[in-house]
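Notes to accompany the following structure.
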Amino acid sequence: MEHPTLTLRSAAHDIRGYLASASLAAEGLGAHMDEKVALRAERIAKAIDQIACICDTDLVEAEKPETTNCLSHDDIEEMLKDIAHLIGPVYEDRIGHPKMDVFVSQGTRLVCSKTRLFRIIYNLTVNAAHAIRASTGSRITIRVSQGCGKVCFSISDDGPGLPEHIIGHLYPRIDRPPAMGAHIGFGLMTAVGLAREMGGKMRLLRSSKNGTEFCLMLPDSPV
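Add 18 to a position in the sequence shown, counting from 1, and you land on the number used in the working numbering.
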């Protein structure tokens, strides 16, 4: 069996190839006459760069401390809008994507790994988008606020809510797979694990037929 590190490197290499093709296509649309198409293409190209950074992780030095970034209000807002443009368009279309709203409190600052933060928020919003597409609902909202040494990211949707039988299994131990029949997506497990590694917490604030809301709380400076 091939060494897992080599397998991951090979997969990352293949993914970078696909991302390069997608980036070229997005750049080509950047000059489109329709301003909405050009704007969306620009955002998608930036988001592709974020994903490419994840693939560029040096697996040999994976145990070394990850570089942290000092993110300003504008940096956080731009990153969230990049994610929004990957998941939902800024204008009406026939694909059925959810609409996304982003609100970041003025003056918000955060020192953390931008790559890890991107992965957490992207995973949570993708889960919300899948729930919306499978049922009723049309909108995802991300709100960011800061206070008492914490930065809170609220990710809410107006979808069908989580099934009752899985709510008790939302936070499985990251060092072992979930029990058979738990049906917990690896996207959520990854988000929970990354939040813990960053010294933060993730909580389910509400889940009903009117929607779901998760809250990610991170220390505003490195732990």
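Idealized CB from N, CA, C, for every residue including glycine.
Nearest-angstrom Cα separation, counted from residue j out to residue i
i: GLU53; j: LEU47; result: 10 angstroms
i: ALA102; j: ILE139; result: 10 angstroms
i: GLU110; j: SER226; result: Only weak support is given to the placement of GLU110: the predicted model assigns it a pLDDT of 45, under 50, and the question is left unresolved by the model.
i: SER90; j: ASP67; result: 19 angstroms
i: GLY167; j: ARG137; result: 22 angstroms
i: LEU223; j: HIS50; result: 41 angstroms
i: GLY205; j: ASN145; result: 8 angstroms
i: ARG221; j: LEU212; result: 13 angstroms
i: MET216; j: LEU98; result: 18 angstroms
i: THR126; j: ARG151; result: 32 angstroms
i: ASP92; j: ARG134; result: 18 angstroms
i: ALA235; j: VAL169; result: The question names Ala, but residue 235 is Met in the sequence shown. Each residue's alpha carbon lies about 6 angstroms from the other.
i: LYS219; j: LEU37; result: 31 angstroms
i: PRO237; j: SER163; result: 12 angstroms
i: PRO178; j: MET118; result: 17 angstroms
i: ILE158; j: PRO116; result: 7 angstroms
i: CYS233; j: THR143; result: 12 angstroms
i: PRO43; j: CYS71; result: Per the sequence presented here, residue 43 reads as Ala, with Pro not at that position. Between ALA43 and CYS71, the C-alpha separation is close to 19 angstroms.
i: GLY165; j: GLU182; result: 32 angstroms
i: ILE105; j: ASN228; result: 21 angstroms
Three-state secondary structure (DSSP) of residue i
i: THR208; result: helix
i: ASP176; result: coil
i: ASN87; result: strand
i: SER225; result: strand
i: ARG127; result: coil
i: MET235; result: strand
i: MET97; result: helix
Host alpha helix (DSSP H) of residue i (start-end)
i: ASP119; result: No alpha helix (DSSP H) contains ASP119, which is instead part of the beta strand (DSSP E) from 117–122.
Own chain partners of residue i with C-beta closer than 7 angstroms, once the 5 adjacent residues on each side are dropped
i: ASP100; result: ARG61, LYS64, ALA65 and GLN68
i: THR86; result: VAL129, CYS130, SER131 and PRO240
i: VAL120; result: GLU95, LEU98, LYS99, ALA102 and ILE160
i: SER41; result: ALA63 and ILE66
i: ALA209; result: ILE138, ASN141, LEU142 and MET220
i: VAL55; result: LEU47
Start and end residues, beta strand (DSSP E) containing residue i
i: MET51; result: It is not in any beta strand (DSSP E) - MET51 carries neither H nor E in the DSSP assignment.
i: GLY165; result: 157–165
Nonlocal neighbours in the same chain, by C-beta distance under 8 angstroms from residue i, ignoring five residues either side
i: THR230; result: ALA146, ALA149, SER174, ASP175, GLY177, GLY179, LEU180, LEU222 and ARG224
i: GLN124; result: HIS91
i: SER156; result: PRO116, LYS117, ILE150 and ASP176
Close beta carbons around residue i, own chain, < 6 angstroms, minus the five adjacent residues each side
i: VAL122; result: HIS91, ILE94, GLU95 and VAL162
i: PHE171; result: VAL162 and LEU234
i: CYS88; result: VAL129
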